[in-house]
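Below is one structure; the comments refer to it alone.
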Amino acid sequence: MKNFYLNHDGNIDDFVSLLLLLQMPEVNVIGVGVTDADGYVAPAADASRKMIDVFKKSDCKATVARSNSRAVHQFPKEWRLSAFSFNDFPILNEKREIKTPLAEKPAHLDMIDKIMQSETKVNLVMTGPLTDLARAIEVNPKITENIERLYWMGGALNEKGNVREPEHDGTAEWNAYWDPYAVKTVWESDLDIVLVALDSTNQVPLTEDLRFRWASQRKYPAIDLIGYGYSLVHSFEADSTYYLWDVLTTLVSNYPDLVDSKILKTSVITDGAGSGRTYLDEKNGRPVTFVTSVNAEAFYDKIDELAKSAAYNN
725 MKNFYLNHDG NIDDFVSLLL LLQMPEVNVI GVGVTDADGY VAPAADASRK
775 MIDVFKKSDC KATVARSNSR AVHQFPKEWR LSAFSFNDFP ILNEKREIKT
825 PLAEKPAHLD MIDKIMQSET KVNLVMTGPL TDLARAIEVN PKITENIERL
875 YWMGGALNEK GNVREPEHDG TAEWNAYWDP YAVKTVWESD LDIVLVALDS
925 TNQVPLTEDL RFRWASQRKY PAIDLIGYGY SLVHSFEADS TYYLWDVLTT
975 LVSNYPDLVD SKILKTSVIT DGAGSGRTYL DEKNGRPVTF VTSVNAEAFY
1025 DKIDELAKSA AYNN
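Position in the sequence shown (from 1) plus 724 gives the number in the numbering used here.
Structure representation (structure tokens):
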């Protein structure tokens, strides 16, 4: 059994990531942290607790921690609102009472506790900004010694990001732009990093056919939830095609055969018009395992397989 800690930022892809991670055989989710970034932290944390209640395996003892980290550059409000709707879905609210505990400590301190207390090294999956990890490293640098690998959805290496903000040149990805200084802190650590960047996810778009695929399998509660969740998001909201960014990162963490990867040296820009940009830097960059291509058919099949197997504690 492998121990995993998930730190996410509360949008639909994050919730689906949590749902699927809970179903993976031989995976033990020891904790979940929620950052106030691509979703509002209060409803996102509550939705995460409800998801664990409804879809956890019987031996799961995960708790959910709210982050008190703050943005250098906050996500657009319009993107973040879906956390409220997801939290109100009837399938998550049949019992009204939430049993999964809310951790007493903020997420970066909860991350330290859960990872340092683990008897085996922990796989850390982060599908939002890296701020909680950066803060955890600053508080207790030894945390890196008990992390097997960091899987991060963030960055873009082809100079085409998804940030469309005044006085920015558009080269950054949002999770990196939210707190570029956190990326720098993590890049300066000795962690083994698997990077799932915008370049990596271009082969797994959210298409109309995929929406119909899930609609045709509504008899499975977890797939029904996935379909409803993605009905809240559309490409025009993100000013680009919507991709399964976070879900790919989460599945790669336990099913590396879904992708091809290579080692690249990369750096990050922290200030100015390119703030948050990650870029190739063969001279001074730090090595990361960069996901280059995806077996999209196998990826979509794995989502269905895990969702169909989901426990449903109604």
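Where a beta carbon is used, it is the ideal one built from N, C-alpha and C, also for glycine.
Apart from the five residues just before and just after S1017, which ones in its own chain have a Cβ nearer than 6 Å to its Cβ? D984
Cα separation between E932 and Q841? 44 Å
Around the Cβ of H832, are there at least 16 other Cβ atoms within 10 angstroms (buried) or fewer (exposed)? buried
Take S913 as the anchor and find which of S772, N727, A795, S991 has the nearest alpha-carbon. S991
Can the beta-carbon of P945 be found closer than 8 Å to that of Y1036? yes
A789 by DSSP, collapsed to three states: which one? strand
Compare the C-alpha of S806 against each of A768, N886, K829, P830 and name the closest. A768
Beta strand (DSSP E) segment containing K986, residue limits: 983-992
Which residues in the same chain as Y979 place their Cβ atom closer than 7 Å to its Cβ, once the five residues preceding and following it in sequence are excluded? K1026
Are at least three pairs of beta-carbons, each pair with one atom in the segment 799-817 and one in the segment 834-850, less than 8 Å apart? no
Going by Cα to Cα distance, which pick from H958, I987, I822 is closest to D1005? I987
Applying the criterion that 16 or more other CB atoms from any shown protein chain within 10 Å of the CB defines a buried residue, is V863 buried or exposed? exposed
Just the C-alpha distance for F779 and S741, rounded to the nearest angstrom, thanks. 12 Å
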